[in-house]
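Asks:
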Amino acid sequence: MKKSVMLCGLSLMGLLLTEGHAATVDDLLLQYQREGATGFSAAAGQELLNRTGQGGPEAEGKNCASCHTTHPAKPGQHAKTGKVIEPLAPVANPERLQDAAKVEKWFLRNCKGTLGRICTPQEKGDFLTFLLSVR
Amino acid sequence: MHQKQKLLGIGLFILCVGGGISLGVSASDKERSGGKQHRDVAPVQEKQYSADCGSCHFAYQPGLLPARSWEKLLAGLGEHFGENAEVSQEVQNALKTYLTRNAADRVDDGRSKKIAASIAPDETPVRITETRYFVKKHREIPRRFWEKNPKIGSLIRCEACHTKAEEGSFNEHEVQIPGIGRWED
Amino acid sequence: MTQKKTILVWDPLVRLFHWSLVVCVTSACVTGEGFLRLHVVTGCVVIGLILFRLLWGVMGPHFALFRSFVSPPAEVLVYLQSVVIGHPTRYIGHNPAGGLMVVALLAVTVATSLLGLVLYGVGEFSGPFASWGLISGVQELSLLKKIHGMLANGLLLLVALHVMGVFLTGWQHRENLIKSMFTGSKTI
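Chains as they are written, first to last, in my numbering: chain D, 6 to 140; chain W, 6 to 190; chain Z, 10 to 197.
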């Protein structure tokens with residue numbers, strides 16, 4: 006009796022944990038959909054990684070890949086300071102996409118810094134989808 | 006030598022040497038704090054600061070710049086040395102409190118006080134590397150040691166050579182220049 | 010046979026000053042930049058000691074007074090000649106060469122110390138000359154450091170000459186001058 010209760014409890018916990026992880030991203034994706042995004046595409050997300058924009062004279066030639074590399078499962082390096090940046094893809098870095106506020110913060114900073122504008126909900130959703138698809 | 010002269014002499018000696026000692030002690034500062042934590046500036050204790058300001062570069066200790074410099078930096082995070090480092094107003098307020106409270110011109114750490122003293126009251130530097138204290142301390146390092154060194158590249162990367170930088174210690178004897186070795190002078 | 014008399018030449022304070030200075034200069038030499046605070050405090054004590062000696066040199070007992078041993082250059086030369094020919098004139102207090110050495114040592118020591126304080130202000134933005142740090146650049150700092158070092162080396166050279174001079178004079182007059190610097194007494 007005790008053993009089965011423990012087993013139940015453990016599996017419930019396990020479910021909740023993975024659910025928690027997925028929940029954060031799902032919540033975000035839902036939010037983006039509410040804001041007008043449709044049909045997220047991992048391919049479109051990958052394209053964003055390499056796109057340069059009008060971030061201003063300092064952002065010349067700078068894109069996401071400049072710091073994050075083109076392989077989200079690999080660690081990156083800040084182009085100017087050399088500081089190591091842990092991989093973006095949850096498969097390589099389970100801490101990623103756990104904190105919605107953190108995700109939004111970095112979208113705000115880095116889209117503005119590279120593209121010169123905030124990313125649209127579509128772009129954000131595509132990008133998260135891409136990250137989740139990385140094996 | 007008469008008694009009077011002897012007394013005068015003793016008095017003079019005590020005054021002069023005493024004066025010398027007090028001048029010396031008051032003029033100089035304990036650069037490093039005592040006890041177990043041998044540090045020159047207080048290490049970063051604030052998680053928010055480490056997370057928001059230490060993800061892209063070394064989390065420069067607040068004791069490295071005066072309060073007015075930190076305020077200026079925080080007011081211009083949208084254009085932070087070519088990057089966007091915006092934070093929410095709430096976070097910005099929290100950072101401002103932490104940074105100004107522990108700034109170089111607000112604390113007792115020896116090195117912080119020297120850094121603050123090296124900045125004129127009408128100056129508000131936003132780069133630690135441009136404070137007079139920093140410039141003078143690093144004046145003897147040949148450019149070739151760091152400029153084209155792939156492991157360094159710029160003097161903004163304290164942690165590249167100062168092996169105990171994260172603990173707030175920048176002592177010369179702890180310096181290891183990648184590809185070159187210890188700093189001997 | 011003439012009675013040998015013992016007289017007190019070096020008063021306790023001039024002796025205390027001398028040996029305190031020896032300790033401080035030695036300490037300053039070994040501390041250098043590695044133990045900067047101790048080095049600075051030592052240097053300030055040196056300034057205090059020299060100030061004392063300057064005052065004592067006009068207020069103290071006979072043999073401590075500058076006017077009793079600081080001689081014009083001509084007299085120094087005459088004395089040096091007597092040394093060279095092997096018949097050195099005996100002086101109870103400092104001989105003219107010794108007197109010159111005292112002046113030189115005091116001058117170089119105080120110059121080194123004062124410059125050290127200036128350097129402390131310029132390089133460390135601390136002490137009475139801290140504000141000079143704001144109006145000086147790396148060139149000035151490097152130059153000051155060099156001069157401070159040169160003066161310190163000059164001081165050490167003078168100390169070496171001083172020690173040699175003490176041994177030479179002691180040998181020539183058959184007296185233990187170092188002992189006299191401790192007891193204060195000389196036999197005449």
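Ideal Cβ placement from N, Cα and C applies to all residues, glycine included.
#1: Note down, in chain order, every chain D residue with its Cβ under 7 Å from the Cβ of C4 of chain W.
#2: When the distance is taken between beta carbons, is L53 of chain D closer than 7 Å to E128 of chain D?
#3: Residues of the region 144-162 of chain W with a CB closer than 7 Å to any CB of chain D: list them in chain order, please.
#4: Helix, strand or coil for V49 of chain W, going by three-state DSSP, please let me know.
#5: In the DSSP assignment, what are the bridge partners of Q3 of chain W?
#6: Would you identify the three-state DSSP class for S194 of chain Z, choosing helix, strand or coil?
#7: Between R24 of chain Z and L74 of chain Z, what straight-line distance do the alpha-carbon atoms span, to the nearest angstrom?
#8: Cα separation between E91 of chain W and R122 of chain D?
#9: Could you name the residues of the region 78-111 of chain Z whose beta carbon sits closer than 7 Å to any beta carbon of chain W, in the order they occur along the chain?
#10: Where do the ends of the beta strand (DSSP E) carrying L17 of chain Z lie?
#11: How long is the line joining the alpha carbons of G142 of chain Z and L17 of chain W, rounded to whole angstroms?
#12: Consult DSSP for E128 of chain W and reduce its assignment to one of helix, strand or coil.
#13: List the endpoints of the continuous alpha helix (DSSP H) containing I19 of chain W.
#14: I'd like to know whether the C-beta of L120 of chain D is nearer than 7 Å to at least one C-beta of chain W.
#15: Any residues in the region 89-115 of chain W with a beta carbon nearer than 9 Å to a beta carbon of chain D? Which ones, in chain order?
#16: In its own chain, which residues sit with a C-beta less than 6 Å from the C-beta of F63 of chain W, not counting the 5 before and 5 after it?
#17: Tell me which residues share the same chain as A106 of chain Z and place their Cβ nearer than 7 Å to its Cβ, disregarding the 5 neighbours each side in the sequence.
#18: Would you identify the three-state DSSP class for C124 of chain D, choosing helix, strand or coil?
#19: Who does Q82 of chain D pair with in a DSSP beta bridge?
#20: Measure from the C-beta of S135 of chain Z to each C-beta in chain W and report whether the shortest distance is under 7 Å.
#21: Give me the chain W residues within the contact set of M68 of chain Z, using Cβ-Cβ distance strictly less than 8 Å, ordered along the chain.
#22: Reducing DSSP to helix, strand and coil, say where E100 of chain D ends up.
#23: Whose C-alpha, out of W:N176, W:R106 and W:S31, is nearest the C-alpha of G52 of chain Z?
#24: Can you find a CB in chain Z that lies within less than 7 Å of the CB of G29 of chain W?
#25: Classify E171 of chain W as helix, strand or coil using the three-state DSSP reduction.
#26: With a threshold of 7 Å on Cβ separation, who are the neighbours of V46 of chain W within its own chain once the five nearest residues in sequence on each side are excluded?
#27: Is V108 of chain D near the ligand MG - that is, is its Cβ less than 6 Å away from at least one heavy atom of it?
#28: Against chain W, does I56 of chain Z count as a neighbour if the rule is that its beta carbon must be under 7 Å from one of theirs?
#29: Please check if any C-beta of chain W sits within less than 7 Å of the C-beta of L93 of chain D.
#30: Where does the unbroken alpha helix (DSSP H) through P105 of chain Z begin, and where does it stop?
#31: Compare the C-alpha of S93 of chain W against each of W:F86, W:G87 and W:K101 and name the closest.
#32: Would you say A161 of chain Z faces chain W, with C-beta separation under 7 Å as the test?
#33: Quick check: the Cα distance between L165 of chain Z and V112 of chain Z, rounded to an integer number of angstroms?
#34: Can you check the region 91-154 of chain W for any beta strand (DSSP E) of at least 3 residues that lies completely inside it and give the ranges in chain order?
#35: Return the chain-ordered list of same chain residues with a C-beta closer than 7 Å to the C-beta of T136 of chain W, the five sequence neighbours on each side being excluded.
#36: Using the beta-carbon count (16 or more within 10 Å), is K141 of chain W buried or exposed?
Replies: Short version:
#1: With chain W represented from 6 up to 190, any question about residue 4 of chain W goes unanswered, as that position is not in the structure.
#2: yes
#3: G158, I161 and R162
#4: coil
#5: Past the edges of chain W, shown from 6 to 190, lies residue 3 of chain W, and the structure says nothing about it.
#6: strand
#7: 14 Å
#8: 13 Å
#9: none
#10: T15 to L17
#11: 33 Å
#12: coil
#13: Q8 to A32
#14: no
#15: N89, A90, E91, V92, S93 and V96
#16: C163 and E164
#17: V85, Y88, L89 and G174
#18: coil
#19: D:V89
#20: yes
#21: Q10, L13, G14 and L17
#22: coil
#23: W:S31
#24: yes
#25: helix
#26: Q66, G68, L69, D114, R116, S117 and G173
#27: In the structure on display, the ligand MG does not appear, and there are no ligands present to speak of.
#28: yes
#29: no
#30: P105 to E133
#31: W:K101
#32: no
#33: 15 Å
#34: none
#35: I120, S123, I124 and P130
#36: buried
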